[in-house]
Amino acid sequence: MYILTLQNKPDGVFSVLSDDGERIIPIFESEDDAERYNIMMEVEEEDSPPLQIIEIDREIIVTACEERFHKYAIITKDDFLIPPKDLE
10 MYILTLQNKP DGVFSVLSDD GERIIPIFES EDDAERYNIM MEVEEEDSPP LQIIEIDREI
70 IVTACEERFH KYAIITKDDF LIPPKDLE
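Using the numbering used here, the letters of the sequence shown map in sequence onto residues 10 to 97.
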């Protein structure tokens with residue numbers, strides 16, 4: 010599994026804001042999909058902070074999210090996630 014974090018700060022996990030105002034952490038099954046999403050974000054938001062892709066065990070990230078009551082979404086190879094227009 011792969012997540013996006015602030016560059017050189019792996020504890021700064023990237024999340025998106027849902028329509029109802031909740032933060033959701035995208036967790037990618039495919040490194041290629043995580044890279045594609047990161048590139049799309051760089052193009053969409055030129056002033057967004059630099060992010061890096063971190064490989065992480067599924068059980069570790071899911072457990073961490075659940076223990077901290079963070080919402081998350083598993084992005085499978087069949088999903089296509091588009092960055093939101095407003096990255097707040």
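Backbone N, C-alpha and C fix where the C-beta goes; we use that ideal spot for every residue, glycine too.
Could you pull out every residue in the same chain whose Cβ sits closer than 8 Å to the Cβ of ILE92, ignoring the five residues on either side in sequence? Per the sequence shown, the amino acid found at residue 92 is Pro instead of Ile. The answer, listed in chain order, is VAL25, TYR46, MET49, MET50, GLU53, GLU54.
ARG32, enclosing alpha helix (DSSP H) - first and last residue: No alpha helix (DSSP H) contains ARG32, which is instead part of the beta strand (DSSP E) from 32–37.
Count the other CB atoms within 10 Å of the CB of GLU97; is the residue buried (16 or more) or exposed (fewer)? In this prediction, GLU97 has a pLDDT of 48, which is less than 50 and means its spatial position is unreliable; what the coordinates show is noted afterwards. GLU97 should be labelled exposed.
For a test of the three-state rule: what should DSSP assign to GLU97, helix, strand or coil? Since pLDDT at GLU97 reaches only 48, below the 50 mark, its modelled position is unreliable, and the value read off the structure follows with that caveat. It is coil, neither helix nor strand.
Residue closest to ASP29, alpha-carbon to alpha-carbon, out of PHE89, ASP87, LYS80: LYS80
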